[in-house]
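Student:
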Amino acid sequence: MTHRVFNFNAGPAALPIEVLKQAQAEFLNYQETGMSILETSHRSKAYEAINREAEATLKELLGLGDNYRVLFLQGGASTQFAMIPMNFLPQGRTADYILTGAWSEKALKEAKLFGNTHIAATTGEDNYKRIPKIDEIQLSENPAYVHITSNNTIFGTQWQEFPSFGQVPLIADMSSDILNKPFDAEKFSLIYAGAQKNLGPSGVTVVIARKELLENNPKAIPTMMRYETHAKNDSLYNTPPAFSVYILNLVLQWLKAQGGLAAIEKRNVEKASLIYNTIDQSGGYYRGHAQKDSRSLMNITFRLPSEELEKAFASQAEKAGLIGLKGHRSVGGLRASIYNAMTVEGCRALEQFMLNFQHKNG
Ligand code: PMP
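Everything in the sequence shown is counted per this note's numbering, starting at 32 for the first residue and increasing by one.
(1) May I ask you to report which of helix, strand or coil DSSP gives K297?
(2) Return yes when the Cβ of S206 is within less than 8 Å of the Cβ of K228, no when it is not.
(3) Quick check on the DSSP output: what are the complete alpha helix (DSSP H) runs of length 4 or more inside the stretch 205-269, in order along the chain?
(4) If you follow the beta strand (DSSP E) that R366 is part of, which residue opens it and which one closes it?
(5) Is L46 buried or exposed, if buried means 16 or more other CB atoms sit within 10 Å of its CB?
(6) May I ask you to list the residues that DSSP assigns as paired with A77?
(7) Threshold first: 4 residues or longer. Then list the alpha helix (DSSP H) segments lying entirely within the stretch 82-110, N to C.
(8) Indicate the three-state DSSP secondary structure (helix, strand or coil) for T184 in the structure shown.
(9) Just to confirm before moving on: does the CB-CB distance between T188 and D204 stay below 8 Å?
(10) For V375, write down the residues that DSSP places opposite it in a beta bridge.
(11) Who are the near neighbours of F219 in its chain, counting only those whose CB is closer than 6 Å to its CB and skipping five residues on each side?
(12) Does the beta carbon of W190 fall short of 7 Å from some heavy atom of the ligand PMP?
(13) Considering just the uninterrupted stretch of the beta strand (DSSP E) at L130, what are its terminal residues?
(14) Out of R257, F214, H149, state which residue places its alpha-carbon closest to the alpha-carbon of Q169.
(15) CB-CB under 6 Å to R124, same chain, minus the five flanking residues each way: which ones, in chain order?
(16) If distances are taken between C-alpha atoms only, which option among A77, S72, Q53, P336 comes closest to E63?
(17) Can you tell me whether V199 is helix, strand or coil according to DSSP?
(18) Cα separation between A345 and R161?
(19) Is D127 near S171, with beta carbons less than 8 Å apart?
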């Protein structure tokens with residue numbers, strides 16, 4: 032392979048070329064330290080500056096002030112599924128979950144290990160092809176918190192407008208769409224995301240939370256599972272995933288240089304429209320899985336007239352340099368993951384490939 036492919040993988044996923052080049056340029060000698068950042072102590076001034084800048088830039092991009100903190104943790108979003116109820120679901124209380132896909136089901140499964148749960152809404156009977164309407168949501172009497180998944184990576188659906196439940200803390204798994212467009216982050220008490228889709232490489236999980244949630248967590252849970260431990264120590268209680276945080280910080284600086292969330296939304300809408308329009312104008316040859324009012328800007332799921340054609344599509348696309356298009360087994364078909372780092376050029380290439388494929392096989 033002498034050239035770079037268009038990478039439509041769901042995660043780990045494409046990173047901005049500018050970020051990869053910068054990391055390459057300073058790989059052997061990070062900012063005149065004479066060492067790679069990979070070899071640098073997490074207690075060094077160099078790493079502390081990265082850690083600080085990443086937190087500040089993430090808050091700046093989201094328009095968050097001093098009442099929020101950002102933590103850089105390990106264990107993936109999957110560990111957050113358990114840490115959230117461990118820290119915020121006291122005995123005798125109930126946690127509410129809105130189910131919009133396989134990842135929300137997994138989050139609920141972990142919460143059940145720690146306390147009472149309630150399914151406030153689900154679109155499971157519809158094979159998760161849509162996001163529930165606000166009036167379908169029925170909270171329990173006095174929930175400790177409400178948990179949602181903002182974007183459903185496998186099914187290709189996304190909340191278009193976030194709900195609010197007054198004083199009840201709202202918690203969101205934003206692993207596959209964090210920073211894809213502007214939104215009111217203050218609505219959320221806690222947001223978490225594995226970095227490997229829209230933020231950087233795998234190995235670091237971002238937690239953005241109101242400060243009061245990061246204090247007085249239960250004493251009876253393991254030290255590493257308490258948010259307070261990480262907040263008090265600026266995410267440096269133990270050895271952090273320093274290289275992942277370094278790349279994440281470069282991605283945040285890149286996003287800022289692109290013009291922040293408003294600019295990236297414009298580009299994401301343009302990219303997604305290229306593919307959705309091709310689906311909608313194919314006369315039923317391509318069929319989107321998601322209902323139109325629930326379509327994701329990040330993961331586009333679609334089917335072809337037969338499984339043979341779907342297989343042929345994925346393998347011919349790969350030969351043409353468009354990789355990672357095979358859908359998740361629970362939905363079948365194809366999935367194009369077009370996170371922030373995917374270029375308009377990549378989406379145009381996919382659009383063209385779809386048109387040609389239909390022309391030849393339709
Ligand atoms: N939530 C969502 C929405 C995801 O897409 C994923 C990973 N694909 C996860 C959680 C799990 O993340 P991790 O692998 O970081 O545990």
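A virtual CB, placed ideally from N, CA and C, is assigned to each residue, including glycine.
Tutor: In short:
(1) helix
(2) yes
(3) 258-263
(4) 365-368
(5) buried
(6) Looking at the DSSP assignment, A77 forms no beta bridge with any residue, so it has no partner.
(7) none
(8) Residue state, collapsed to three classes: coil.
(9) no
(10) Answer by DSSP bridge pairing: none, since V375 is not bridged.
(11) L201, A203
(12) The ligand PMP has no heavy atom closer than 7 Å to the beta-carbon of W190.
(13) Annotation: the continuous beta strand (DSSP E) that includes L130 extends over 125-130.
(14) H149
(15) If we look at R124 and ignore the five residues flanking it on each side, its Cβ neighbours are A175.
(16) Of A77, S72, Q53, P336, the residue nearest in Cα terms is A77.
(17) coil
(18) 25 Å
(19) Closer than 8 Å, so yes.
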